[in-house]
Structure formats: structure tokens, C-alpha cells
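Report on one structure; see the data block that follows.
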Amino acid sequence: MGVRVAVIPVGGEAVRLRPLTVETSKAMVRMLNRPLIEFTLVNLARQGVEEIIMGVRGYYNYKDIYDYFGEGYWLEREYGVRVRLRYMPRAETRGNAEAVKISLEYYGVKEPVLVVQGDNIFEMDLDSFYKFHEANKAFMTIALKEEENVEEFGVAAVDERMRILRFVEKPKRREDAPSNLVNTGLYLLSEDFLNFLEGEVGSRLYREGLMDFGSNVIPAAIDAGLPVYGFVTKGFWFDVGSPDRYLAATRYLLDNLGPSDLASEEVLPRIFVQGTSPESLALKRELKERISSGDVRVEGDVLIGRHVKIGRGVYLKNSVIDNYTILGEGAEVVDSVVMDRSVLGPRSRVEGSIVGRHSAVGEGALLIGSVLGNDVTVGRGAVLINAKVWPHRSVGDGVKLENFALT
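Position one of the sequence shown corresponds to residue 0 (numbering that gives the first Met the number 0), numbered consecutively onward.
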């Protein structure tokens, strides 16, 4: 028997991913034309997790997730998986470990539990993870990932048996890191976890509000001599915590996933189109003909959603176009994501950028390395370079913004 219950703490304001998260839970930011956390829920359910407790804190985190997923029963119809979603009661928490504590206590969970962060997207063999945890009789097992750039993560010092000796949190220099194994935020907790939090060490952490796994709970458990182990995962893992990481994760997944994982049909090599309705099937046929004739130019890996309108001379390269989007004549989208119900005007160009939901980019406008929140309007001929625009804001015709945040 493997792990049956998972907890996903979803809290905080996701400041680094703004403006995409000003009014949206980070877990619900759209990736590959679905909410980010949908990949995690389906992944866990396919590997035998039966119950997932959403440790949500804050209005947007709760509302966005509950209103979309509910109890999760529709996932069986959509993906053929059966999983029950439950929700932490409303409470203010002082870290992801407290969200887990409240969730386990409220639902009376007294068995090993998997903890997954709501802003991660990953591929991992849960059965191997669980067997390693059980074989070592671990109090906690942490999934570790080999990374070259370790400065933004907690880095584990391990012995020859993969027992974790200490963490170096965000080393300032590469040479200060004891290894290249970083903390992914994926944890297997033994059934003794709540007892630890209720004991002398855990009670002190709770009283002092030190309830973050990476910064507080894991170092305290190691210092207390508890068996904390590291399991090196070989699958992909991304912490989607900033626009750059969001785009990097999108590009990797576009490069490596196939049609079924993208819920799409590969109409031409590495060109994926979603949808199964009569309208979507017609769009697939039309796009295949137009791309083959050169009326629409496509390079690299491209994912196109349902009910998309594409004008003549449009150029797409290594990008994602979400549902109900309209691309005007001669528009260009390169290494970018355009979210649902957005409009790109004729001869506009979006490069290395993210266009939020229900936004409009005017004719001839240029976006390079920029991020638009939801419901943003960019005027004709405007130029945005390394700019960020908050939801519901407008950029006038011909305006130039460079290295600027319009809040």
C-alpha cells in the first residue's frame, strides 16, 4: 500500500509572480491552458492518492480553487481518475507546516501523508518515494532534485545513506552549498508528525510562529535527531514562483509532453490543438491546411486551445495560445503565453512575454519580456520592454514602458 492522503498548502500572496497573481491564486494561474494545480491533482490521483486536502488560506486561494474544483468528482469524468478533495477550515496560518497541522487534525488523519506545494509542477514516482521512506523508517523524507543553480533553494547536506544532516537555506554563493541537491518542497511525513508538533520542540515552534517546513520544522527535526532522509527524484520539477520560471516550465513541458498529456491532437509535428467539439475538429482541419500552405507560419512547439481565431500571416514559435483568443492579421507570438479570451491586434508582436486573461494588445504594439495581468488594455503602437502591468490597467496608444511596473 502506498501513500493515500496528500495535503497541498496554498497560502501567501505570490508576490514574485505578480501581476498574474494580484487577483488570482498562484495555484490557479493558467499553464498549458489549464490551472497549474490541475496537473498536480491528476498526477497524484493517477498514482493512487485517494484524498487530497487543500490547505487554503486567504480569499482568492479558497474561492478560486473551490469554485473551480469543488469536491473534485468531475476529474473522474475528465481524466478517468477518482480522488476526493477536501478543504482546510478557515484559519490564519503562519506557514505551510501549520496548514498541514490544522488539516490533519481537523480530518483526523493518522497515517503517512504526502505534502506537495501548490506552485510546483513535477513528475515523480510516488511508489518508489514511499518505499524508500518506509525502508528507512523515516520520520520525514524530502524529495531532492539535482540543480546547477542552487542559490534560490534550500540545499541538503546528506550522508552516504541519504540521511539529511542539515540544510543550507539559499546559499549566497555556489561554493557555500554542501551539495547540488535542493529541497523541492515535496515531503513524506510519518504518522508521528503530529506527535512531534505536539511535543516539546514542536510546541515551541508553534508558540513562536515558526511553522515553515524549510526554514523551521525540518531543521528542528534534524537537530532533534529524528531520521530525516532525502530521496533524489529524476523526473522534472519546477517551482513556478516567478514569470521567468513560469516561462521556463512552459517551454520544458511543451518540448517534452505528448498529445495526451496536453489534452490535444498533434495536427502537424509538434503543433498541438485542443478540443473535441465539431467546431474544434473543424479548427484542426483548417489550421493544418493553413499551416501547410504557409498562410499561418509555425515553428518549434506550439499549443493552441479551443475556439481560437487566427488571422492571415500570423507567426507562432514555441508558444501557448489559450482558449477563445483572437490573433489579428500578421500578429507574431514568440516564446510566449497568451491566456484565454485575449486579443492581439494586427501586426502586434509578443516575445518572451505573458499576456494575462481577457487582455487586449493593440495594432502594431510590441511586448518584449513583459507580463500583463488580467483584463489589461495596451494601445496601438505601444512598446513594453521588461514591463509589468497590473490587472484592469490601460497603456495608451504609442506609450513606451521600459523596466517599469504599472500598478
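Where a beta carbon is used, it is the ideal one built from N, C-alpha and C, also for glycine.
These numbers come from a predicted model, not from an experiment.
Pick helix, strand or coil for Gly229, following the three-state DSSP scheme. Here Gly229 sits in strand by DSSP.
Take Arg89 as the anchor and find which of Val114, Leu113, Tyr58 and Asp118 has the nearest alpha-carbon. Comparing Cα positions, the closest option is Tyr58.
By DSSP, does Arg17 sit in helix, in strand, or in coil? Here Arg17 sits in coil by DSSP.
Does the beta-carbon distance from Leu302 to Ser263 come in below 9 Å? If you check the CB distance, Leu302 and Ser263 come in under 9 Å.
Taking 8 Å as the cut-off, does the region 5 to 16 touch the region 51 to 67 (at least 3 CB pairs, one atom from each stretch)? Contact between the region 51 to 67 and the region 5 to 16 is present, because at least three Cβ pairs lie under 8 Å.
Spatially closest choice to Glu145 from Val181, Asp191, Ile290 and Leu164, by CA coordinates: Out of Val181, Asp191, Ile290 and Leu164, Val181 has the C-alpha closest to the C-alpha of Glu145.
Report, in whole angstroms, the separation of the C-beta atoms of Arg409 and Ala359, which I expect to be a contact under 8 Å. As displayed, the chain neither begins before 0 nor continues past 406, which places residue 409 out of reach and without an answer.
Quick one, which of Val28, Leu113 and Ala176 has its alpha-carbon nearest Ala13's? Of the residues Val28, Leu113 and Ala176, the one whose Cα lies closest to the Cα of Ala13 is Val28.
Let me make sure I understand the geometry here. Which of Asp339, Ala96 and Met87 has the alpha-carbon closest to that of Gly355? Per the C-alpha coordinates, the member of Asp339, Ala96 and Met87 positioned closest to Gly355 is Asp339.
Please confirm if the region 32 to 42 is in contact with the region 58 to 76, defined as three or more CB-CB distances below 8 Å between the two stretches. Enough Cβ pairs lie closer than 8 Å, so yes.
At what residue ranges does the region 127 to 205 contain a whole run of the alpha helix (DSSP H), taking only runs of 4 or more? Along the region 127 to 205, the alpha helix (DSSP H) occurs as fully enclosed runs of 4 or more residues at 192 to 197, listed in sequence order.
I'd like to know whether the C-beta of Tyr129 is nearer than 9 Å to at least one C-beta of chain C. Of the protein chains in this structure there is only one, and it is not chain C.
Please return the same chain residues whose Cβ sits closer than 8 Å to the Cβ of Met210, not counting the five positions on each side in sequence. Only Thr92, Arg93, Gly94, Asn95, Ala96, Glu97, Lys100, Leu204 and Val216 meet the Cβ criterion.
What is the residue span of the alpha helix (DSSP H) that Phe68 lies within? It spans Tyr58 to Phe68 - the alpha helix (DSSP H) in which Phe68 sits, taken as one unbroken run.
Quick check on Asp254: buried or exposed, where buried means 16 or more other Cβ atoms within 10 Å of its Cβ? Taking all protein chains shown into account, Asp254 has fewer than 16 neighbouring C-beta atoms within 10 Å of its C-beta and is therefore exposed.
For Leu280 and His306, I'd like the C-alpha separation in whole angstroms. Between Leu280 and His306, the C-alpha separation is close to 10 Å.
Where does the unbroken alpha helix (DSSP H) through Leu31 begin, and where does it stop? That residue, Leu31, is in no alpha helix (DSSP H); it is neither H nor E in DSSP.
Between Val115 and Leu188, how many whole angstroms is the CB-CB distance? I'm expecting something under 8 Å. Contact between Val115 and Leu188 is ruled out by a C-beta separation of about 12 Å, above the 8 Å threshold.
Alpha carbon to alpha carbon, what distance is there between Phe166 and Phe152? Their backbone Cα atoms lie some 10 Å apart in a straight line.
Within its chain, find whatever has a CB closer than 8 Å to the CB of Gly234; leave out the 5 residues flanking it on each side and keep chain order. Shown here for Gly234: same chain residues with a beta carbon closer than 8 Å to its own, the five before and five after excluded, namely Phe121, Glu122, Met123 and Asp124 in chain order.
Find out if the Cβ-Cβ distance for the pair Ser24, Gly117 is shorter than 9 Å. A contact, by the Cβ cut-off of 9 Å.
Just checking, does the region 218 to 236 make contact with the region 136 to 150 on the three C-beta pairs under 8 Å criterion? Inter-segment contact for the region 218 to 236 and the region 136 to 150 is present: three or more beta-carbon pairs are separated by less than 8 Å.
Among the candidates Val48, Val370, Phe195 and Pro390, whose CA atom is the shortest distance from the CA of Gly351? The shortest Cα separation from Gly351 among Val48, Val370, Phe195 and Pro390 belongs to Val370.
Between which two residues does the alpha helix (DSSP H) harbouring Lys283 extend? Per DSSP, Lys283 belongs to the alpha helix (DSSP H) from Pro277 to Ser292.
In the DSSP assignment, what are the bridge partners of Pro8? Looking at the DSSP assignment, Pro8 forms a beta bridge with Gly54.
Do Val375 and Val398 have their CB atoms nearer than 9 Å? Not closer than 9 Å, so no.
Below 9 Å between beta carbons: does that hold for Phe128 and Phe195? No, the pair does not count as a contact, with Cβ atoms beyond the cut-off.
Rounding to the nearest angstrom, what Cα-Cα distance links Arg284 and Glu278 in this structure? One C-alpha to the other measures close to 10 Å.
With a Cβ-Cβ cutoff of 9 Å, do Leu19 and Ile353 count as a contact? Yes, the Cβ-Cβ distance between Leu19 and Ile353 is below 9 Å.
Where Gln46 and Gly1 are concerned, what is the direct C-alpha to C-alpha distance, given to the nearest angstrom? Their backbone Cα atoms lie some 9 Å apart in a straight line.
Label Lys109 either buried or exposed according to how many other C-beta atoms from any shown protein chain fall within 10 Å of its C-beta, with 16 as the threshold for buried. It counts as exposed.
Grab me the residues of Gly395's own chain with a C-beta within less than 8 Å of its C-beta, minus the 5 sequence neighbours each way, in chain order. Within its own chain, the residues whose Cβ lies closer than 8 Å to the Cβ of Gly395, once the five positions on either side in sequence are excluded, are Gly378 and Ala381, listed in chain order.
Can you tell me the Cα-Cα spacing of Ile325 and Leu31, whole angstroms? The straight-line gap separating the alpha-carbon atoms of Ile325 and Leu31 is approximately 17 Å.
Which first and last residues belong to the beta strand (DSSP E) in which Leu103 is found? Annotation for Leu103: no beta strand (DSSP E) segment contains it, though the alpha helix (DSSP H) segment containing it runs Asn95 to Tyr106.
For Gly184 and Asn119, believed in contact at Cβ under 8 Å, the rounded distance: Between Gly184 and Asn119 the Cβ distance is about 6 Å, and since that is below 8 Å, they are a contact.
So what does DSSP say about Lys109, is it helix, strand or coil? Coil at Lys109, not helix or strand.
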